[in-house]
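In our numbering, the protein residues as written are 589 to 798. Just so it is clear, CB atoms sit at the ideal spot from N, CA and C, and this is done for glycine as well.
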């Protein structure tokens, strides 16, 4: 199969195979949603799209929440479309893992035959290169200035008594001030604690890429 065009495309496939369930019952982001998600993960349940999300202050969220998307090996495998193959088994995913491990520590070809056998791999790697574009679907909704209000995001409160909601799995893009290699773009995951409508704090470690 060809690569998914978007997350919506992937969700359509999951829903068609019974691996996605929509929930229209009101569910709170404060503790309740996390408890449901924990049980889903433990029981290898489906991905769930909460369509009627209630914020901690009791008001409805302007957006739905998707949880447990990659809660099973099967769904992780289904999300990989390399070589146009349908993947649903752990062995299918292992093949992808071996490729990623090779790319991390590649071994040079030992001869002409090895080089020829590696040609499909080289083509796959070239197709994986990111592209820089001026506009993208992720920019369908852009908020700036006074429009920014992090408190309206359906951020889960995961533990009783925690000081503030934590964005637990954000993708943070950073770039250093110079053109040196160590100051190039970095994409990392750093937990963000929401302090106000437009302020968060993060913890960075000196030995990490961010």
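Self-check item: Residues bridged to residue 638 [DSSP beta-bridge criterion]
Solution: Beta-bridge annotation (DSSP): residue 638 is paired with 611 and 653.
Quiz item: If we count the other Cβ atoms within 10 Å of its Cβ and call it buried at 16 or more, is residue 551 buried or exposed?
Solution: The first residue shown for the chain is 589 and the last is 798, placing residue 551 beyond what the model contains.
Practice problem: Please confirm if the stretch 759-775 is in contact with the stretch 730-749, defined as three or more CB-CB distances below 8 Å between the two stretches. | Solution: Touching, no.
Quiz item: What residues in its chain sit with their C-beta under 7 Å from that of residue 736, if we drop five residues either side in the sequence?
Solution: Around residue 736: 785 and 786.
Quiz prompt | Residue of 668, 699, 677 and 701 minimising C-alpha distance to residue 688 | solution = When each option's Cα is compared against that of residue 688, the closest is 668.
Quiz item: Hey, how far is the Cα of residue 647 from the Cα of residue 618?
Solution: If you take the alpha carbons of residue 647 and residue 618, they lie about 12 Å apart.
Quiz prompt | Cβ contact (3+ pairs, closer than 8 Å) linking the stretch 622-632 and the stretch 593-601 | solution = With a cut-off of 8 Å, the stretch 593-601 and the stretch 622-632 do not count as touching, because too few Cβ pairs lie within range.
Exercise. Using only alpha-carbon positions, find the residue among 778, 783 and 675 that is nearest to residue 793.
Key: Cα-wise, what sits closest to residue 793 is 778.
Exercise. Output yes or no for whether 9 Å exceeds the beta carbon distance between residue 634 and residue 656.
Key: For residue 634 and residue 656, yes; Cβs fall inside 9 Å.
Quiz item: Between which two residues does the alpha helix (DSSP H) carrying residue 625 extend?
Solution: Start and end: 620-630.
Quiz item: Per DSSP, what kind of secondary structure is residue 723 in: helix, strand or coil?
Solution: Reduced to three states, the DSSP call for residue 723 is coil.
Quiz item: The beta strand (DSSP E) with residue 661 in it runs from where to where?
Solution: That residue, residue 661, is in no beta strand (DSSP E); its alpha helix (DSSP H) goes 661-666.
Quiz item: Is the beta carbon of residue 653 sitting closer than 9 Å to the one on residue 744?
Solution: If you check the CB distance, residue 653 and residue 744 come in under 9 Å.
Quiz item: Which residue comes first and which comes last in the alpha helix (DSSP H) that contains residue 602?
Solution: Counting along the chain, the alpha helix (DSSP H) containing residue 602 begins and ends at 595-604.
Quiz item: What residue from 717, 639 and 604 has the CA that sits closest to residue 610's CA?
Solution: Nearest C-alpha to residue 610 among 717, 639 and 604: 639.
Quiz item: At a cut-off of 8 Å, is residue 770 close to the ligand ATP when judged by its beta-carbon and the heavy atoms of the ligand?
Solution: With respect to the ligand ATP, the structure shown offers nothing to examine, as it has no ligands at all.
Practice problem: Could you give the DSSP three-state label for residue 741: helix, strand or coil? | Solution: Reduced to three states, the DSSP call for residue 741 is coil.
Quiz prompt | beta strand (DSSP E) segment containing residue 756, residue limits | solution = Annotation: residue 756 is outside any beta strand (DSSP E) and is labelled neither H nor E by DSSP.
Quiz item: Relative to the alpha-carbon of residue 776, which residue among 764, 791, 788 and 760 has its alpha-carbon at the smallest distance?
Solution: For residue 776, the nearest C-alpha among the options comes from 760.
Quiz prompt | Contact under 9 Å by Cβ, residue 665 with residue 636 | solution = No, the Cβ-Cβ distance between residue 665 and residue 636 is not below 9 Å.
Quiz item: Apart from the five residues just before and just after residue 680, which ones in its own chain have a Cβ nearer than 6 Å to its Cβ?
Solution: The residues are 665.
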